[in-house]
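Everything on this sheet refers to the single structure shown next.
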Amino acid sequence: MRAFPSSSLRLFAPYEGTGQQQQQQQQQQQQQQQQQQQQQQQQQQQQQQQQQQQQQQQQQQAEEREAAKEFRRRKEKNLD
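Here is the structure:
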């Protein structure tokens with residue numbers, strides 16, 4: 001078996017390097033995807049919070065209307 005001349009080894013070297021770069025790029029893409037998923041989760045949480053706030057506001061408005069009706073009823077009774 002004859003040893004490879006050093007020039008042929010140099011030809012393989014750049015390919016090895018690009019293989020590593022591709023792996024790094026894939027890892028970065030995966031990290032970006034994970035970040036996007038986290039952002040989506042945060043957005044969903046914000047939407048849920050907004051819905052909860054809306055429900056609370058609706059309850060308060062309903063309670064205020066009931067209180068106003070009660071107040072009017074009492075006023076009318078007092079006038080009689």
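Under this note's numbering, think of the first position of the sequence shown as 1, with each following residue one higher. The C-beta atom is built at its ideal place from N, Cα and C for all residues, glycine as well. Just so it is clear, the structure is predicted and the values come from calculations on it, not from any experiment.
A direct Cα-Cα distance of roughly 10 Å separates Gln39 from Gln46. Lys77 and Ala62 have their C-alpha atoms spaced approximately 23 Å apart. Straight-line measurement puts the Cα of Glu64 at about 48 Å from the Cα of Gln32. Apart from sequence neighbours up to five positions away, no residue of its chain approaches Gln23 with a beta-carbon distance below 6 Å.
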